[in-house]
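Trainee: Numbering (full-length UniProt numbering), first residue to last: 1 to 368. Note that CB positions come from ideal geometry on N, CA and C, so glycine has one too. Take a look at the following structure, please.
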């Protein structure tokens, strides 16, 4: 099947999603070239005047969808943000897709099933694999204004449960790697083969939590550990290597005490962007904020936030700290080094109406 045509040399931006609209969500476009070192050096503790914090850019687009489910957005098919929320089949033309380059709303195929706890795995520019509780599907891109229809495939379910997945990543050659807790194993799926058979790959797990980004210059997957270190799992480009090596930074990239949640975005080879949600009150830690949300929503601590819809407005309790950096190896190639990170970044106030429950989840951010 054909792939969307990529526009070489096009300017890309950071797109942030917020659960802050009465009828759904807003998407805002952030230009990372507008960073101010002066603003970045201001303290994160806001006090009463929030010095050093700037307002977010104006809304790029509003999307009408059920609130409290920001994890049901993903990007795929080159420069499109997909709205994977549940819709009534007779009320939708298909999966809404936002083409950020054309600033247009288009529609993909009809959704095969509702998503609950999905892992979105875009492969190339023409396929989107979705691993969810009890299902594993693939959507195939169809060119615009063509008679070729959208397609989706129901694939064999992997030999592990969705609830056991701890980390994952997509190799540019079309391989999907998934690590699971419990048995501490990593599985691999070669999407270039039509049998779609998962195979054991390693008796160890990827060193980060959640999504990892394959960086061709570093030769491995880069992701965030739960305690705030950047980690890299190196391996042969052909994925035939059986002796992967793990490396990490010597310093944490999270803001001490005030960290609430974070998302790592891959910008270019060796270059990354960290979108971190932090508590603005120096007297309350990020953990305090998460606990207060749990009390506000009357949910037990440790519950999975994506099973809940709600929480009141965040009301100035947190903000986003955005910083970019370059990753290299040290002279001995034993650990990762952060470059061009100190003093570079910006702090954005969040919309007052953004729900605290969604804010406490990892930020939804795309580089498109």
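Restricting to Cα atoms, I'd like to know which of 184, 206, 320 and 216 is closest to residue 254.
Mentor: Here the question's residue 254 lines up with position 254 in the chain shown. Residue 320 is the option with its Cα nearest to residue 254.
Trainee: With a CB to CB cut of under 6 Å and the five nearest residues on each side skipped, what residues in its chain are close to residue 247?
Mentor: As a working mapping, residue 247 is identified with position 247 in the chain shown. These residues qualify, in order along the chain: 232, 335 and 336.
Trainee: Is residue 31 buried or exposed, if buried means 16 or more other CB atoms sit within 10 Å of its CB?
Mentor: Reading the chain shown from its first residue, position 31 is the one you call residue 31. Exposed is the call here.
Trainee: Counting only the same chain and skipping the five closest in sequence on each side, list residues whose C-beta sits under 7 Å from that of residue 80.
Mentor: The residue you call residue 80 lines up with position 80 of the chain shown. Answer for residue 80: 97, 98 and 99, listed in chain order.
Trainee: In the DSSP assignment, what are the bridge partners of residue 99?
Mentor: As a position in the chain shown, residue 99 is number 99, starting the count at 1. DSSP, once it has assigned bridges, lists 80 and 104 as partnering residue 99.
Trainee: In terms of residues, what are the limits of the beta strand (DSSP E) holding residue 169?
Mentor: Position 169 of the chain shown, counting from 1, holds the residue named residue 169. That run of the beta strand (DSSP E) goes 165-170.
Trainee: Quick check: does the Cβ of residue 182 come within less than 6 Å of any heavy atom belonging to the ligand PLP?
Mentor: Among the components modelled here there is no ligand, and therefore nothing to report on the ligand PLP.
Trainee: Residue 13 to residue 368, Cα distance in whole Å?
Mentor: Start at 1 with the first residue of the chain shown, and residue 13 comes out as number 13. Start at 1 with the first residue of the chain shown, and residue 368 comes out as number 368. So the two alpha carbons sit approximately 6 Å from each other.
Trainee: If you draw a straight line from the alpha carbon of residue 317 to that of residue 281, how long is it in whole angstroms?
Mentor: Against the chain shown, residue 317 aligns to sequence position 317. Against the chain shown, residue 281 aligns to sequence position 281. Going from the Cα of residue 317 to the Cα of residue 281 covers about 7 Å.
Trainee: Secondary structure at residue 291, three-state DSSP: helix, strand or coil?
Mentor: Locating residue 291 in the chain shown gives position 291, where the first residue counts as 1. Reduced to three states, the DSSP call for residue 291 is helix.
Trainee: Consult DSSP for residue 110 and reduce its assignment to one of helix, strand or coil.
Mentor: Taking the chain shown and counting its residues from 1, the one referred to as residue 110 is at position 110. DSSP places residue 110 in coil when its eight states are reduced to three.
Trainee: Between the C-alpha atoms of residue 187 and residue 210, what's the straight-line distance to the nearest angstrom?
Mentor: Residue 187 sits at position 187 when you count from the first residue of the chain shown. Residue 210 sits at position 210 when you count from the first residue of the chain shown. Distance between the alpha carbons of residue 187 and residue 210: 15 Å.
Trainee: Do the CB positions of residue 159 and residue 198 come within less than 7 Å of each other?
Mentor: Mapped onto the chain shown, residue 159 falls at position 159. Mapped onto the chain shown, residue 198 falls at position 198. Yes.
Trainee: Once you ignore the five residues that flank residue 273 on each side, which residues in its own chain have a CB closer than 6 Å to its CB?
Mentor: One-based indexing of the chain shown puts residue 273 at position 273. Closer than 6 Å at the Cβ level, and outside the excluded window around residue 273, lie 265, 267 and 324.
Trainee: Closest by CA to residue 279, which one among 353, 229, 270 and 360?
Mentor: Start at 1 with the first residue of the chain shown, and residue 279 comes out as number 279. Here the closest residue by C-alpha is 360.
Trainee: Nearest to residue 131 by CA position, among 124, 112 and 148, is which residue?
Mentor: Indexing the chain shown from 1 puts residue 131 at position 131. Among 124, 112 and 148, the Cα nearest to that of residue 131 is on 112.
Trainee: In chain order, what residues of the same chain lie with their CB nearer than 7 Å to the CB of residue 116, ignoring the 5 residues before and after it?
Mentor: Taking the first residue of the chain shown as position 1, residue 116 is located at position 116. Closer than 7 Å at the Cβ level, and outside the excluded window around residue 116, lie 132 and 133.
Trainee: Just how far apart, CA to CA, sit residue 200 and residue 121?
Mentor: Residue 200 sits at position 200 when you count from the first residue of the chain shown. Residue 121 sits at position 121 when you count from the first residue of the chain shown. Taking the straight line from one Cα to the other gives about 19 Å.
Trainee: Check the DSSP bridge columns for residue 370 and list the partner residues they point to.
Mentor: Within the shown structure, residues of the chain are numbered from 1 to 368, placing residue 370 beyond reach of any answer.
Trainee: Given that a residue counts as buried once 16 or more other Cβ atoms are within 10 Å of its Cβ, and exposed if not, what is residue 251?
Mentor: Reading the chain shown from its first residue, position 251 is the one you call residue 251. It is exposed - the Cβ of residue 251 has fewer than 16 other Cβ atoms within 10 Å.
Trainee: For the beta strand (DSSP E) containing residue 251, name the first residue and the last one.
Mentor: Here residue 251 is taken as the residue at index 251 of the chain shown, counted from 1. Note, residue 251: premise wrong, no beta strand (DSSP E); not H, not E.
Trainee: The alpha helix (DSSP H) with residue 357 in it runs from where to where?
Mentor: Taking the first residue of the chain shown as position 1, residue 357 is located at position 357. Per DSSP, residue 357 belongs to the alpha helix (DSSP H) from 356-359.
Trainee: Note down the Cα distance separating residue 174 from residue 154, rounded to an integer number of angstroms.
Mentor: Start at 1 with the first residue of the chain shown, and residue 174 comes out as number 174. Start at 1 with the first residue of the chain shown, and residue 154 comes out as number 154. Going from the Cα of residue 174 to the Cα of residue 154 covers about 18 Å.
Trainee: Kindly indicate which residue of 93, 227 and 192 has the alpha-carbon position closest to the one of residue 127.
Mentor: For this step, residue 127 is matched to residue 127 along the chain shown. For residue 127, the nearest C-alpha among the options comes from 192.
Trainee: If you reduce the DSSP assignment to three classes, tell me which class residue 220 lands in.
Mentor: For the purposes of this step, residue 220 is taken as residue 220 along the chain shown, with counting starting at 1. Residue 220 falls in the strand class under three-state DSSP.
Trainee: In the DSSP assignment, find the beta strand (DSSP E) that holds residue 206 and state where it starts and stops.
Mentor: Along the chain shown, read from residue 1 onward, the residue named residue 206 stands at position 206. Here residue 206 belongs to no beta strand (DSSP E), and DSSP marks it neither H nor E.
Trainee: Among 207, 129, 195 and 194, whose alpha-carbon lies nearest the alpha-carbon of residue 185?
Mentor: Within the chain shown, the letter at position 185 stands for residue 185. Among 207, 129, 195 and 194, the Cα nearest to that of residue 185 belongs to 207.
Trainee: Figure out for me which residue from 352, 124, 15 and 283 has the closest Cα to the Cα of residue 259.
Mentor: Looking up residue 259 in the chain shown gives position 259. Comparing Cα positions, the closest option is 283.
Trainee: Quick check on the DSSP output: the beta strand (DSSP E) that includes residue 17 runs from which residue to which?
Mentor: Taking the first residue of the chain shown as 1, we reach residue 17 at position 17. It spans 14-21 - the beta strand (DSSP E) in which residue 17 sits, taken as one unbroken run.
Trainee: Here's the rule I'm using: 16 or more other beta-carbon atoms within 10 Å means buried, otherwise exposed. How should residue 75 be labelled?
Mentor: Taking the chain shown and counting its residues from 1, the one referred to as residue 75 is at position 75. Label assigned to residue 75: buried.
Trainee: Along the chain, where does the beta strand (DSSP E) that runs through residue 318 open and close?
Mentor: Along the chain shown, read from residue 1 onward, the residue named residue 318 stands at position 318. Per DSSP, residue 318 belongs to the beta strand (DSSP E) from 318-329.
Trainee: Do you know offhand how far residue 71's Cα is from residue 18's?
Mentor: The count along the chain shown starts at 1 and reaches residue 71 at position 71. The count along the chain shown starts at 1 and reaches residue 18 at position 18. The alpha-carbon atoms of residue 71 and residue 18 are separated by roughly 11 Å.
Trainee: Do residue 69 and residue 28 count as a contact pair if the criterion is CB distance below 7 Å?
Mentor: Walking along the chain shown from the start, residue 28 turns up at place 28. Walking along the chain shown from the start, residue 69 turns up at place 69. No, the pair does not count as a contact, with Cβ atoms beyond the cut-off.
Trainee: Please report the distance separating the alpha-carbon of residue 331 from that of residue 77.
Mentor: The residue labelled residue 331 in the question sits at position 331 within the chain shown. The residue labelled residue 77 in the question sits at position 77 within the chain shown. Approximately 38 Å between the Cα atoms of the pair.
Trainee: On the DSSP bridge assignment, give the partners of residue 349 in chain order.
Mentor: Here residue 349 corresponds to residue number 349 of the chain shown, with the count starting at 1. Looking at the DSSP assignment, residue 349 forms a beta bridge with 319.
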